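**Q** Mind having a look at this structure? Questions to follow.
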Amino acid sequence: MNLELNEEQELVKNSIKEFAQNEIAPLAREYDEEEKFPRPQLESAAELGLFGMIIPEEYGGAGFDAVSYSLALEELAKADASVAVIVAVTNSVCCYPIATFGTKEQKQKFLLPLAKGEKLGAFCLSEPQAGSDATNIKTQAIENGDSYIINGTKSWVTNGGEADTHIVMAATGENNGKKEITSFIVEKESEGLSVSSVEHKLGQKASKTTEMSFVDVRVPKENVLGGIGNGMKVAFNSLDDGRIGIGSLAIGIAQAAFDESKEYAKDRIAFGKPIAEFQAIQHKLADMATEIEAARLLTWQAATMKDKKHKKTGIYASMAKLYASEMANKVCADAIQIHGGNGYSREYNVEKYYRDARITTIYEGTSEIQKIVISRGILKG
Ligand code: CAA
Numbered sequence: 005m006n007l008e009l010n011e012e013q014e015l016v017k018n019s020i021k022e023f024a025q026n027e028i029a030p031l032a033r034e035y036d037e038e039e040k041f042p043r044p045q046l047e048s049a050a051e052l053g054l055f056g057m058i059i060p061e062e063y064g065g066a067g068f069d070a071v072s073y074s075l076a077l078e079e080l081a082k083a084d085a086s087v088a089v090i091v092a093v094t095n096s097v098c099c100y101p102i103a104t105f106g107t108k109e110q111k112q113k114f115l116l117p118l119a120k121g122e123k124l125g126a127f128c129l130s131e132p133q134a135g136s137d138a139t140n141i142k143t144q145a146i147e148n149g150d151s152y153i154i155n156g157t158k159s160w161v162t163n164g165g166e167a168d169t170h171i172v173m174a175a176t177g178e179n180n181g182k183k184e185i186t187s188f189i190v191e192k193e194s195e196g197l198s199v200s201s202v203e204h205k206l207g208q209k210a211s212k213t214t215e216m217s218f219v220d221v222r223v224p225k226e227n228v229l230g231g232i233g234n235g236m237k238v239a240f241n242s243l244d245d246g247r248i249g250i251g252s253l254a255i256g257i258a259q260a261a262f263d264e265s266k267e268y269a270k271d272r273i274a275f276g277k278p279i280a281e282f283q284a285i286q287h288k289l290a291d292m293a294t295e296i297e298a299a300r301l302l303t304w305q306a307a308t309m310k311d312k313k314h315k316k317t318g319i320y321a322s323m324a325k326l327y328a329s330e331m332a333n334k335v336c337a338d339a340i341q342i343h344g345g346n347g348y349s350r351e352y353n354v355e356k357y358y359r360d361a362r363i364t365t366i367y368e369g370t371s372e373i374q375k376i377v378i379s380r381g382i383l384k385g
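With positions in the sequence shown counted from 1, the corresponding number in my numbering is that position plus 4.
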């Protein structure tokens with residue numbers, strides 16, 4: 005078993021670290037406070053090929069392996085989790101399903117510009133009444149000549165209103181008493197598609213999250229993704245991968261919070277010496293470092309399994325997401341504790357990391373849902 009990064013992975017890590025620290029981190033606070041969508045940062049990220057990281061080069065992607073993808077998202081999230089989630093969603097739940105389930109024509113038309121970073125992607129699964137119980141969606145797509153007409157409301161759409169290409173799950177009928185769900189590729193310009201409200205969130209505030217309304221949105225039949233009735237397969241298969249991305253993102257936030265806490269502990273004087281010399285602080289730092297490392301190894305394991313197309317990748321991706329997101333919340337809380345009163349102030353970054361970490365145990369499947377996926381997988385053997 006080799007736990008060392010190869011030369012290419014080191015190169016990805018170092019180049020994205022340099023980019024993220026120089027071009028994203030200095031702007032993170034301003035964009036967060038103003039809830040401003042980080043277009044200029046995304047344009048620079050596109051130039052580095054960060055929107056189609058795991059997509060083959062023939063479709064405009066960077067052709068990274070999944071471990072490199074994880075490293076890249078960790079580095080982006082260390083600088084700004086908002087930028088990281090925008091990139092992660094386009095990669096894993098928009099590019100990936102088109103690359104995996106799309107026809108040659110769909111890949112040419114939709115994947116190429118997404119992977120090149122010329123267009124932005126979104127994933128429309130959740131609805132006001134259907135979050136964790138994702139199959140309970142009400143959005144309907146009714147066949148009409150050579151098209152489908154979509155009506156419904158989608159919520160918690162990351163990149164809503166900013167994305168050009170949407171992967172949309174809708175019910176196309178019933179099969180053996182079960183809702184038949186199908187995935188569609190829907191373009192931004194489609195008549196009847198609009199943002200019905202914008203969420204104002206606790207964290208990751210520079211990433212845009214909206215509700216999207218579909219009123220008689222006509223989608224040509226050639227935009228059906230993965231075949232009629234395979235919508236949940238497309239959605240869940242994409243989420244399996246997406247969860248490696250969210251695990252990596254959570255590790256990035258935690259690492260940033262840890263790095264700043266370590267430096268703070270060396271500088272901050274209390275009772276006549278740096279607080280890093282007190283065992284109470286040393287133990288906190290030791291626990292934080294250990295748990296970050298454990299999350300990283302679990303996430304790299306899931307990524308390595310994905311590269312090897314291992315059939316249990318989904319279970320390990322859920323384990324990675326579950327562990328890394330819970331860990332990030334704990335590490336960020338400890339980071340504030342180490343900073344004391346200063347940690348509660350916007351003068352220091354740890355309050356932002358704490359806010360940014362909170363959603364990681366919720367989006368792309370809550371911790372409770374990850375436990376369902378993991379337990380189902382292990383009980384199946
Ligand atoms: N890969 C492929 N297909 C899968 C699958 C997988 N990993 N998991 C399930 N499926 C298929 C099943 O085979 C089934 O197909 P059939 O109907 O043909 O048999 C279908 O999908 C439904 O599966 P289940 O019967 O297992 O569904 P369930 O209702 O029991 O739910 C669940 C299972 C694990 C709870 C699931 O609903 C789930 O993961 N919920 C969480 C949803 C989620 O993660 N939402 C996040 C939204 S995205 C987001 O956060 C926004 C963003 O932009 C960041």
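By construction, the Cβ of each residue, glycine as well, lies at the ideal position given by its N, Cα and C atoms.
Please read all numbers here as calculations on a predicted model, not as lab measurements.
(1) Use the C-beta contact count for Glu-195: other C-beta atoms within 10 angstroms, 16 or more gives buried, fewer gives exposed.
(2) What is the DSSP secondary structure of Leu-229, counted as helix, strand or coil?
(3) Looking at ligand 1, does it come within less than 7 Å of Trp-160, judged from the CB to the closest heavy atom?
(4) Let me check you understand the geometry: is the CB of Ala-138 closer than 7 Å to at least one non-hydrogen atom of ligand 2?
(5) Am I right that Gly-164 and Lys-212 are in contact with their C-beta atoms under 8 Å? What's the rounded C-beta distance?
(6) Does any heavy atom of ligand 1 sit closer than 7 Å to the C-beta of Glu-34?
(7) Select from Glu-38, Met-323, Tyr-327 and Ala-81 the residue whose C-alpha is nearest the C-alpha of Ile-378.
(8) For the 8 Å Cβ check, are there 3 or more pairs between the region 283-302 and the region 349-369?
(9) Rounded to the nearest angstrom, how far is the Cβ of Cys-336 from that of Tyr-367, given a contact under 8 Å?
(10) With hydrogens ignored, establish whether the beta-carbon of Asp-244 is closer than 7 Å to any heavy atom of ligand 1.
(11) Can you give me the C-alpha to C-alpha distance between Gly-175 and Val-93, rounded to a whole angstrom?
(12) Distance, Cα to Cα, Lys-158 vs His-314?
(13) Going by beta-carbon coordinates alone, are Ala-239 and Ala-339 separated by less than 8 Å?
(14) So, are the CB atoms of Cys-99 and Leu-75 less than 8 Å apart?
(15) According to the neighbour-count rule (16 or more other Cβ atoms, all chains shown, within 10 Å of its Cβ), is Phe-275 buried or exposed?
(16) Pull up the CB-CB distance for Ser-200 and Glu-215, whole angstroms please, since I reckon it's below 8 Å.
(17) Could you give the uninterrupted runs of the alpha helix (DSSP H) lying entirely in the region 325-372, keeping only those of 4 residues or more?
(18) Would the region 39-51 and the region 121-134 be scored as touching if the rule is three or more Cβ pairs under 8 Å?
(19) In or out: Pro-101 buried (at least 16 other Cβ within 10 Å) or exposed?
(20) Rounded to whole angstroms, what's the CA-CA distance from Tyr-63 to Gln-45? Just pull it up for me.
(21) If you follow the beta strand (DSSP E) that Leu-197 is part of, which residue opens it and which one closes it?
(22) Who are the Cβ neighbours of Gln-286 in its own chain at under 8 Å, not counting the five residues just before and after it?
(23) Can you give me the start and stop residues for the beta strand (DSSP E) that Gly-125 sits inside?
(24) Quick one: does the C-beta of Val-223 sit closer than 7 Å to a heavy atom of ligand 1?
(25) Return yes when at least one heavy atom of ligand 1 lies under 7 Å from the C-beta of Asn-241, else no.
(26) Use the C-beta contact count for Glu-297: other C-beta atoms within 10 angstroms, 16 or more gives buried, fewer gives exposed.
(27) Quick check: is any heavy atom of ligand 1 less than 7 Å from the C-beta of Met-3?
(28) Quick one: grab the DSSP three-state call for Gln-286.
(29) Say yes only if the C-beta of Val-377 is nearer than 7 Å to one or more non-hydrogen atoms of ligand 1, and no if none qualify.
(30) Note down the Cα distance separating Glu-264 from Val-354, rounded to an integer number of angstroms.
(31) Is Gln-374 near Leu-326, with beta carbons less than 8 Å apart?
(32) Assign Ser-252 to one of two classes, buried (16 or more other C-beta atoms within 10 Å of its C-beta) or exposed (fewer than that).
(33) Please classify Ala-284 as buried or exposed, where buried requires at least 16 neighbouring CB atoms within 10 angstroms.
(34) Within the present structure, is the beta-carbon of Ile-340 separated from the nearest heavy atom of ligand 1 by less than 7 Å?
(35) Count the other CB atoms within 10 Å of the CB of Glu-14; is the residue buried (16 or more) or exposed (fewer)?
(36) Among Lys-111, Cys-128, Leu-197 and Ile-141, which one has its Cα closest to the Cα of Ile-153?
**A** Per the coordinate set shown:
(1) exposed
(2) strand
(3) yes
(4) By its list of ligands, the structure shown excludes ligand 2, since it contains just ligand 1.
(5) 6 Å
(6) no
(7) Met-323
(8) no
(9) With 8 Å as the limit, Cys-336 and Tyr-367 do not qualify as a contact, their Cβ atoms being about 16 Å apart.
(10) yes
(11) Correcting the residue type first, residue 175 is Ala in the shown sequence and not Gly. C-alpha separation (whole angstroms): 23 Å.
(12) 32 Å
(13) no
(14) no
(15) exposed
(16) 5 Å
(17) 354-362
(18) yes
(19) buried
(20) 23 Å
(21) 197-202
(22) Ala-280
(23) 125-128
(24) no
(25) yes
(26) exposed
(27) Examination of residue 3 is not possible in this model, given that the chain is present from 5 through 385 alone.
(28) helix
(29) yes
(30) 8 Å
(31) yes
(32) buried
(33) exposed
(34) no
(35) exposed
(36) Leu-197
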